[in-house]
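**Student:** Dropping a structure here in structure tokens format, bear with me for questions.
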Amino acid sequence: MEFGILINEGPYTHQASDTAYNFAAAAIGKGHKIHRVFFYHDGVNNGTRLAEPPQDDRHIPKRWSEFAKNHNIDLVICVAAALRRGIKDENLAEGFRISGLGQLVESGIQADRLLVFGD
Amino acid sequence: MEFGILINEGPYTHQASDTAYNFAAAAIGKGHKIHRVFFYHDGVNNGTRLAEPPQDDRHIPKRWSEFAKNHNIDLVICVAAALRRGIKDENLAEGFRISGLGQLVESGIQADRLLVFGD
Amino acid sequence: MSEAINDVGESVETGESAAGKVKKFMFINRKSPYGTIYALESLEVVLISAAFDQDVSLAFFDDGVYQLVKGQKTQGIGIKNHSPTYRALDGYDIEKLYVEKESMELRGLTTEDLLVPVQQLSRGELSKLIDTQDVVLSF
Amino acid sequence: MSEAINDVGESVETGESAAGKVKKFMFINRKSPYGTIYALESLEVVLISAAFDQDVSLAFFDDGVYQLVKGQKTQGIGIKNHSPTYRALDGYDIEKLYVEKESMELRGLTTEDLLVPVQQLSRGELSKLIDTQDVVLSF
Amino acid sequence: MPMLHTVNKSPFYTYTLESCLDRAREGSAVLLIEDGVYSAMRGTPIERRMVEAMKKLAIYVLGPDLEARGMTYDRVVSGVKVVDYGGFVDLAAQHNNVQSWL
Amino acid sequence: MPMLHTVNKSPFYTYTLESCLDRAREGSAVLLIEDGVYSAMRGTPIERRMVEAMKKLAIYVLGPDLEARGMTYDRVVSGVKVVDYGGFVDLAAQHNNVQSWL
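Here is the structure:
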């Protein structure tokens, strides 16, 4: 089965990005596919390459980058939400791309299920 | 009277930064002083110089920068919270500085009132 | 809303790759406006979805009904008033707007207080409608 | 907590400029842990405040009492367990921890369920205490 | 004057207003801001709670937040005072301390 | 199977659980995640609401979120099923759709 994932909140402040990651990893582990992870609202802040969390904490943007690389997952940051919040190519983490909201709608059409993680 | 202000949320997503700004502007208008505006949690995202909100919307980081310049206000971004979330000197907006949480405690000691704006 | 509308061009192209499939999209609105940005950004997704020729519905319940209250004047808080966009949805062929009767009543609101014509459904009717959707988006 | 502790050096210096004044600082904790980061980042401010020789108290009520529940095991969610830090507060001379009796009872909790010794106050006693503070910080 | 409490959440979404009113001490003031302004509207089950609360507390509501949400002043519960940002500043200055119910 | 509902808020902080339970249709499932897991604990006024809800709904709770919060499995309301992230995935796959109560 193919899952689409929407993340509405930024890293660390809310658990949304963590729960989405744990869900996605479990889905892959069970042989499902992740159609796309779409980052909207403050969710775009998951895509910063400048984050330097304490060494004893998880590195959320890096975790997504590695997940995308290992499992060939499409990580899409909403351009409009990102411009509002100061996420651009110059501070974008590896494995993320910036695109339009149409990518979210398309994920809703293509994926078998679209799950929303937020506040 | 001297007011200290703490902002816990980022720009746009929550109204906290807007309310804090309107409060601070009104305080200045009434002849009060703003001891410092301290940005913590997602509040650090108010300090990005990369934000490009739609032209018909307010530019929150720029509004703070101009406020600081016009009224000589100290805008402090918490370094630990900022590192977690990817705010650094390279994407810091004008008029903001990055420093430790001690600056918040000091504001609590020095200001006559410390007001908190958040979610 | 400007960037959302500009965005349509790019999105339509993507939409073509998904051509043929028509799904029932339901946008759930349970949050009041201005305190948070979800109402505004939700509306941006709704506008984009129109370009994909999907079967789009909007449900307003709990504090979401406050999004549609008329007479919003935002100059005082310095935030853009996005409520006129609800009136523009019609032009995008988005016509299925539902408010929940129970949520309206609890808040002392009637459809007279709203800025667009909407269909008022009972809680049971609206839940039933949501259950028939293919994609349910909450912000 | 590491960066918070490292941060103290820089902060102590600032603290000296504020030397002399001792204020009553109350940290209000009303939110549960892990769902949001407020509990953790609040604790970082508390640790820093210790370096300023202020009169520091922590109040836990509403869902804030959940912060102190013992036996937190966070490996499964992949988030660092910050609860041991509450036990370290003592070493920073932060000893005034108050939980509200009514909040505990509503949640079926007793002080036996908590990971640190705390003083349990009634709602009225705690509100009275908060009213005597100079600085009230909420996150 | 004692504490100024600020509440910024809708009374239909969170228990924050309840939590504040249950704990605010006699003679304190409560200022409703942001989504908290919905608590000040007539014709809801909250109205009775507000009337009850005004026996021991002064209740204020931030006008610009009301207007933004299309809530007209004539719908405000009788006895609740409408203030602007300047009034918010005055309240903060007049009270000994400010507690934000986040 | 019909809808899978997810609830991620504490029942003592927001009305989200109430809102979901009042609307979830017979035969649906509710999965409590993040701060929503507190709803699954025995010895609170919510317990009765849960027992009532289980007459028409299947209720699940995410184990890792329980453990993180120090909530032991023996304190979970009887009848509520504990699942891990894999179980969450299975529930999402087995139901026709997922509605997140944010």
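Residue numbers (the working numbering), protein chains in the order written: chain A, 3 to 121; chain B, 3 to 121; chain C, 4 to 142; chain D, 4 to 142; chain E, 6 to 107; chain F, 6 to 107. We treat Cβ as the ideally placed atom computed from N, Cα and C, and that holds for glycine. This one's a predicted model, so the numbers in the text were calculated from it and none came from an experiment.
So, for residue 105/E: in the same chain, excluding its five sequence neighbours on each side, which residues have a beta-carbon less than 6 Å away from its beta-carbon?
**Tutor:** Stepping through the fifth sequence from its first residue, residue 105/E is reached at position 100. Contacts found: 11.
**Student:** I think residue 95/D touches residue 74/F, with their Cβ atoms under 8 Å apart; what is that distance to the nearest whole Å?
**Tutor:** As a position in the fourth sequence, residue 95/D is number 92, starting the count at 1. As a position in the sixth sequence, residue 74/F is number 69, starting the count at 1. Not really, about 25 Å apart at Cβ, beyond 8 Å.
**Student:** Which term fits residue 65/D, buried or exposed, when burial requires 16 or more other beta carbons within 10 angstroms of its beta carbon?
**Tutor:** Working through the fourth sequence from its first residue, we reach residue 65/D at position 62. Its Cβ being crowded by 16 or more others within 10 Å, residue 65/D is buried.
**Student:** Closer than 8 Å, CB to CB, is residue 78/A near chain C or not?
**Tutor:** Counted from its first residue, the first sequence places residue 78/A at position 76. Cβ-Cβ to chain C under 8 Å: no for residue 78/A.
**Student:** Would you report the Cα separation of residue 59/B and residue 108/B, rounded to the nearest angstrom?
**Tutor:** Here the question's residue 59/B lines up with position 57 in the second sequence. Here the question's residue 108/B lines up with position 106 in the second sequence. Going by the C-alpha atoms only, they are around 34 Å apart.
**Student:** Who are the neighbours of residue 19/F on chain E, taking C-beta pairs under 8 Å?
**Tutor:** Taking the sixth sequence and counting its residues from 1, one reaches residue 19/F at position 14. The answer, in chain order, is 18, 19, 20.
**Student:** Give the residues of chain E in contact with residue 34/B, contact being defined as C-beta atoms less than 8 Å apart.
**Tutor:** Here residue 34/B refers to the residue found at position 32 when the second sequence is read from its first residue. Ordered by position in chain E, the residues that pass the 8 Å Cβ test against residue 34/B are 94, 98.
**Student:** Determine the extent of the alpha helix (DSSP H) in which residue 90/F is found, giving its start and end residues.
**Tutor:** Reading the sixth sequence from its first residue, position 85 is the one you call residue 90/F. From DSSP, the alpha helix (DSSP H) with residue 90/F extends over 90-99.
**Student:** Is there at least one Cβ from chain C nearer than 8 Å to residue 65/E's Cβ?
**Tutor:** One-based indexing of the fifth sequence puts residue 65/E at position 60. Answer no: the Cβ-Cβ gap between residue 65/E and chain C never drops below 8 Å.
**Student:** Using a Cβ cut-off of 8 Å, pull out every chain A residue sitting near residue 14/B, in sequence order please.
**Tutor:** Stepping through the second sequence from its first residue, residue 14/B is reached at position 12. Near residue 14/B (Cβ distances below 8 Å), the residues of chain A are 86, 87.
**Student:** Is there contact here, the stretch 82-100 of chain E with the stretch 82-98 of chain C, by at least three beta-carbon pairs under 8 Å?
**Tutor:** Segments in contact, no.
**Student:** Under a CB-based cut-off of 8 Å, is residue 40/E close to chain D?
**Tutor:** Here residue 40/E refers to the residue found at position 35 when the fifth sequence is read from its first residue. So no, residue 40/E is outside the interface.
**Student:** To the nearest angstrom, how far is the alpha carbon of residue 5/F from that of residue 20/B?
**Tutor:** What the structure shows of chain F is the stretch from 6 to 107, and residue 5/F is not part of that stretch, so it cannot be assessed.
**Student:** Taking the straight line between their C-alpha atoms, what separation do you get for residue 31/F and residue 134/C?
**Tutor:** Counted from its first residue, the sixth sequence places residue 31/F at position 26. Counted from its first residue, the third sequence places residue 134/C at position 131. One C-alpha to the other measures close to 11 Å.
**Student:** Tell me which residue opens and which closes the beta strand (DSSP E) that residue 21/F is part of.
**Tutor:** As a position in the sixth sequence, residue 21/F is number 16, starting the count at 1. Segment 21-28 is the alpha helix (DSSP H) holding residue 21/F; no beta strand (DSSP E) there.
**Student:** The beta strand (DSSP E) spanning residue 74/B covers which residue range?
**Tutor:** Position 72 of the second sequence holds residue 74/B. From DSSP, residue 74/B is part of no beta strand (DSSP E); its letter is neither H nor E.
**Student:** Identify which residue in 92/B, 41/B, 88/B, 36/B has its Cα closest to the Cα of residue 71/B.
**Tutor:** In the second sequence, counting from the first residue as 1, residue 71/B sits at position 69. For the residues 92/B, 41/B, 88/B, 36/B, the minimum Cα distance to residue 71/B belongs to 36/B.
**Student:** Can you name, in chain order, every residue of its own chain whose Cβ lies under 6 Å from the Cβ of residue 84/F, other than the five neighbours on each side?
**Tutor:** For the purposes of this step, residue 84/F is identified with residue 79 of the sixth sequence, where counting begins at 1. Result list for residue 84/F: 59, in chain order.
**Student:** On a CA-only basis, which of 105/C, 69/C, 120/C, 71/C is nearest residue 28/F? Give me that one, please.
**Tutor:** Numbered from its first residue, the sixth sequence carries residue 28/F at position 23. Selected option, being the one with the closest Cα: 105/C.
**Student:** Would you kindly work out how many angstroms separate the C-alpha atoms of residue 44/A and residue 45/C, rounded to a whole number?
**Tutor:** Here the question's residue 44/A lines up with position 42 in the first sequence. Here the question's residue 45/C lines up with position 42 in the third sequence. Rounded to the nearest angstrom, the two C-alpha atoms are 13 Å apart.
**Student:** Apart from the five residues on each side of it in sequence, which residues of its chain come closer than 6 Å, Cβ to Cβ, to residue 48/E?
**Tutor:** Translated into the one-based positions of the fifth sequence, residue 48/E becomes position 43. Answer for residue 48/E: no residue qualifies.
**Student:** One question on the structure: do residue 103/E and residue 117/B come within less than 8 Å of each other, judged by their Cβ atoms?
**Tutor:** Here residue 103/E refers to the residue found at position 98 of the fifth sequence. Here residue 117/B refers to the residue found at position 115 of the second sequence. Against a cut-off of 8 Å, the Cβ pair of residue 117/B and residue 103/E comes out as a contact.
**Student:** Should the stretch 29-43 of chain C be called in touch with the stretch 62-81 of chain C, which here means at least 3 C-beta pairs below 8 Å?
**Tutor:** Touching, yes.
**Student:** If you follow the beta strand (DSSP E) that residue 42/B is part of, which residue opens it and which one closes it?
**Tutor:** Counted from its first residue, the second sequence places residue 42/B at position 40. First-last for residue 42/B: undefined, no H or E at that position.
**Student:** Which ranges does the alpha helix (DSSP H) cover as unbroken runs of at least 4 residues, wholly within the stretch 40-83 of chain E, from first to last along the chain?
**Tutor:** Fully enclosed alpha helix (DSSP H) runs of 4 or longer: 51-58, 68-73.
**Student:** To which residues of the same chain is residue 107/C closer than 6 Å at the C-beta, ignoring the five residues directly before and after it?
**Tutor:** Counting from one through the third sequence, the residue named residue 107/C turns up at place 104. Closer than 6 Å at the Cβ level, and outside the excluded window around residue 107/C, lie 68.
**Student:** Cα separation between residue 8/C and residue 28/A?
**Tutor:** By 1-based counting over the third sequence, the position of residue 8/C is 5. By 1-based counting over the first sequence, the position of residue 28/A is 26. The predicted position of residue 8/C is uncertain, since its pLDDT is 44 and thus under 50; a value taken from the coordinates is nonetheless stated next. If I take the Cα positions, the gap works out to 36 Å.
**Student:** For residue 41/D, return the contacting residues in chain B, with the cut-off set at a CB-CB distance below 9 Å.
**Tutor:** Along the fourth sequence, read from residue 1 onward, the residue named residue 41/D stands at position 38. Result: 10, 43, 120, 121.
**Student:** Check each residue of the stretch 124-141 of chain D: if its Cβ is closer than 7 Å to any Cβ of chain B, include it; give the result in chain order.
**Tutor:** Here the close residues are 138, 140, 141.
**Student:** How would you label residue 23/C, buried or exposed, when you count the other beta carbons within 10 angstroms and need 16 or more for buried?
**Tutor:** Reading the third sequence from its first residue, position 20 is the one you call residue 23/C. Flag for residue 23/C reads exposed.
**Student:** Give the DSSP-derived three-state secondary structure of residue 47/D in the structure shown.
**Tutor:** On the fourth sequence, residue 47/D is found 44 positions in, with the first residue counted as 1. Reduced to three states, the DSSP call for residue 47/D is helix.
**Student:** Drop a sphere of 10 angstroms on the beta-carbon of residue 139/D, count the other beta-carbons inside from all chains shown, and report buried for 16 or more, exposed for fewer.
**Tutor:** Here residue 139/D corresponds to residue number 136 of the fourth sequence, with the count starting at 1. Under this definition residue 139/D is a buried residue.
**Student:** In angstroms with no decimal places, state the Cα-to-Cα distance between residue 50/D and residue 6/F.
**Tutor:** As a first step, residue 50/D must be located in the fourth sequence, where it is residue number 47. As a first step, residue 6/F must be located in the sixth sequence, where it is residue number 1. Their Cα atoms are separated by approximately 50 Å.
**Student:** Within 10 angstroms of the Cβ of residue 33/B, are there 16 or more other Cβ atoms? Answer buried if so, exposed if not.
**Tutor:** For this step, residue 33/B is matched to residue 31 along the second sequence. Exposed, by the Cβ-count rule.
**Student:** List, in order along the chain, the chain D residues whose C-beta lies closer than 9 Å to that of residue 27/F?
**Tutor:** Numbered from 1 along the sixth sequence, position 22 holds the residue referred to as residue 27/F. Chain D residues near residue 27/F: none, gap ~21 Å exceeds 9 Å.
**Student:** Starting from residue 142/C, follow its DSSP beta bridges and name the residues at the other end.
**Tutor:** Taking the first residue of the third sequence as position 1, residue 142/C is located at position 139. In DSSP, residue 142/C forms no bridge with anything.
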